[in-house]
Each structure stands twice: as structure tokens, then as C-alpha cells.
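In the numbering used here, the protein residues as written are 5 to 267. Read through the structure below, which is laid out as C-alpha cells, and then see the notes.
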């Protein structure tokens with residue numbers, strides 16, 4: 005198994021941790037040990053990919069119930085499965101308290117190791133599926149926001165009286181407004197893979213650029229902003245003209261260049 009299930013075992017008695025280590029000793033699992041609730045909280049922050057917590061109830065200082073409650077307050081840990089393991093508190097009131105603070109299951113000592121492993125596998129799988137669903141919802145939301153932003157950008161571009169061209173980080177033309185279409189004497193949509201070649205900004209192999217000091221080239225390759233540069237372009241009807249262009253790089257959250265705007 006390439007990615008073993010990471011389990012956090014919390015128990016103040018080393019012998020109990022040794023017993024759990026024996027249960028989860030094969031390569032499908034990786035057991036992380038904590039001897040107190042405080043240590044467990046620190047380890048979960050350090051290991052946010054822990055899939056399941058095995059938690060003893062009766063511990064000095066911070067007991068299992070308080071530990072579980074605090075675990076659920078850690079960002080990203082609200083849905084982590086917690087299995088209580090105890091030799092003492094197996095009566096109904098204590099079981100209810102465990103469920104109340106976020107526990108999903110209860111095992112009384114001595115426990116059946118095979119059943120415990122089965123339950124851990126089930127809960128880890130459910131957590132992974134919940135994570136994937138959450139990520140999918142997040143991506144869908146982000147896509148919807150991008151589409152809204154794209155529609156808004158298109159509307160804004162079409163109100164401008166100057167030509168605006170937007171490229172991605174590789175120099176592919178992502179968007180132009182109607183003014184650019186008129187400058188280049190075409191009413192047809194441009195193909196991203198040959199548009200730059202036609203106007204002489206890169207060759208047919210996509211190399212940027214024949215004109216190394218053109219506004220787009222400086223923005224993409226060097227991250228430089230340029231103003232009012234005169235450049236010669238070839239229109240799609242074969243005619244040439246001189247235009248005045250300014251360009252600026254577009255940067256992502258990590259400060260890397262993700263595209264450029266030419267006006």
C-alpha cells in the first residue's frame with residue numbers, strides 16, 4: 005500500500021500503546037503515539053493527514069472526553085473519526101458522553117484486534133471519501149466563481165475603447181475584445197495556437213519570441229511592465245501596421261507569472 009492509513013493512538017499507559025502497535029504493525033498502517041491529550045493535540049496539528057484517532061478515556065490531566073472535544077476545535081479536524089478505547093467507562097452514561105463530544109465508536113478492553121482494524125479501515129475510507137467530496141465541491145465553487153469573473157471581465161472589455169488582449173503564462177491568447185478584432189481586420193474568432201504566430205509574437209513551435217523586446221515578451225519572460233511601445237504587427241488580411249502597445253504581467257498568489265495583459 006503506497007499511502008498507509010495514519011492513526012493517532014492516545015493513551016497514558018505505554019503498555020497499551022505497545023498493544024496497539026502490535027495490532028497495526030503491517031505496512032497498511034502507520035501508528036503515531038501520544039501519551040497525553042495535550043501531546044495528541046500537538047501531533048494532530050503536525051500531522052493533519054491523520055485518518056483516525058484511537059483515544060483512551062481515563063487519562064490524567066486531560067481525559068479522553070475533553071481531548072476529543074478539543075480535537076474537534078482544531079481547524080480541519082471537525083470530521084475526523086474518533087474511536088474511544090477504555091477498560092472502565094463502558095456504561096451507558098459514559099458512552100453517551102463520548103458520542104456527545106464527537107466519538108464515532110466505543111471499544112472496551114480487551115478488544116478484538118481484527119474488528120478494531122476493520123472499523124479503522126471503514127472510518128478511514130469514509131473520511132477519505134468525505135474529503136474528496138469536499139474538494140470536489142470546492143473545485144465546483146471555484147469554477148463557478150471563475151466563470152462569473154470571466155463573464156464580468158468580458159463585459160468590461162467590450163465597453164473599453166482600446167484594444168485589450170490577455171494571454172496565459174505560455175503566451176496563448178485567452179481573450180481579446182472587439183477593438184482588437186477590428187485592429188487585426190477580422191470578425192472571426194482566433195485560434196490560440198496560431199494567433200501569436202500570425203502577428204509575429206512567437207514562432208510556429210510556440211517559442212517566445214522573435215521580437216524579444218516586444219511588450220508581451222517582456223511581460224511573460226521577464227515580468228516587466230512596458231508603456232507605449234511602437235510595434236509592427238501583421239493583420240489577418242496580410243497587411244501590416246504600427247500600433248502602440250503597453251503590457252503588464254499577471255501574477256498568481258505565489259507571485260509566479262500566470263499571464264499578461266496587452267493594451
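Using N, Cα and C, we set each Cβ at its ideal position, and we do this for glycine too. Please read all numbers here as calculations on a predicted model, not as lab measurements.
Nearest neighbour of residue 184, chosen from 169, 176, 175, 177 [CA to CA]: When only C-alpha atoms are compared, the closest one is 169.
CA-to-CA distance, residue 143 to residue 249, given in whole angstroms: Looking at the two C-alpha atoms, the distance is approximately 36 angstroms.
Member of 69, 243, 87, 218 whose CA lies at the smallest distance from the CA of residue 234: Looking at the Cα atoms, 218 is the closest of the given residues.
Residues near residue 193 in its chain [Cβ-Cβ closer than 6 angstroms; skip 5 each side]: The predicted model places residue 193 with a pLDDT of 47, which falls under 50 and marks its position as unreliable, so this point remains unresolved.
Three or more C-beta pairs below 8 angstroms linking the stretch 10-17 and the stretch 46-59: Using a C-beta cut-off of 8 angstroms, the stretch 10-17 makes contact with the stretch 46-59, since at least three inter-stretch Cβ pairs fall below that distance.
Cβ contact check for the stretch 109-126 and the stretch 75-83: 3 or more pairs under 8 angstroms: Under the three-pair Cβ rule at 8 angstroms, the stretch 109-126 does not count as touching the stretch 75-83.
Straight-line gap, residue 196 to residue 172 (C-alpha atoms, nearest Å): Low per-residue confidence applies at residue 196: pLDDT is 44, beneath 50, and the placement is therefore not dependable, though the value from the model is reported in the following sentence. Cα-Cα distance, rounded: 10 angstroms.
Nearest candidate by alpha-carbon position, reference residue 66, set 16, 31, 264, 127: Per the Cα distances, 16.
C-beta atoms of residue 252 and residue 223 nearer than 8 angstroms: Remark: C-beta atoms of residue 252 and residue 223 approach each other more closely than 8 angstroms.
Cβ-Cβ separation, residue 88 to residue 107 (assumed contact under 8 angstroms), whole Å: So it is a contact: roughly 5 angstroms between Cβ atoms.
Alpha carbon of residue 236 to alpha carbon of residue 267, nearest angstrom: Taking the Cα positions, residue 236 is about 14 angstroms away from residue 267.
Anticipated Cβ contact below 8 angstroms, residue 44 with residue 38, distance rounded: Contact flag correct, Cβ pair sits at about 4 angstroms.
Collapsed DSSP secondary structure at residue 21 in the structure displayed: Looking at residue 21 - three-state DSSP - the assignment turns out to be helix.
Cβ neighbour criterion (16 or more within 10 Å) applied to residue 118: By the 10 Å Cβ count, residue 118 comes out exposed.
Residue range of the beta strand (DSSP E) that includes residue 90: Its beta strand (DSSP E) spans residues 86-90.
Inter-residue spacing [alpha-carbon to alpha-carbon] between residue 18 and residue 75: Roughly 21 angstroms between the two C-alpha positions.
Own chain, CB closer than 6 angstroms to residue 29, minus 5 neighbours either side, in chain order: Cβ contact annotation for residue 29 (same chain, cutoff 6 angstroms, sequence separation greater than five): none.
Inter-residue CB distance, residue 121 and residue 27 (contact presumed, cutoff 8 angstroms): Going by Cβ atoms, the distance from residue 121 to residue 27 rounds to 6 angstroms, so yes, they are a contact pair.
Residues that residue 34 bridges to, as DSSP identifies them: Per the DSSP secondary-structure output, residue 34 pairs in a beta bridge with 10.
Continuous alpha helix (DSSP H) stretch holding residue 186: start and end: Per DSSP, residue 186 belongs to the alpha helix (DSSP H) from 182-187.
Cα-Cα separation, residue 213 to residue 263: Confidence at residue 213 is low in this model, with a pLDDT of 44, below 50, so the placement of that residue should be treated as unreliable; the coordinate-derived value is given next. Straight through space, the alpha carbons of residue 263 and residue 213 are spaced by roughly 15 angstroms.
Selection from 105, 116, 42 that minimises the alpha carbon distance to residue 64: The residue with the shortest Cα to Cα distance from residue 64 is 42.
Distance between beta carbons of residue 78 and residue 48, contact taken as under 8 angstroms: Correct: roughly 6 angstroms between the Cβ atoms.
Through-space distance from residue 46 to residue 124, alpha-carbon basis: Between the alpha carbons of residue 124 and residue 46 lies a distance of about 22 angstroms.
Alpha-carbon spacing of residue 62 relative to residue 258, whole angstroms: Using only the alpha carbons, I get a separation of about 46 angstroms.
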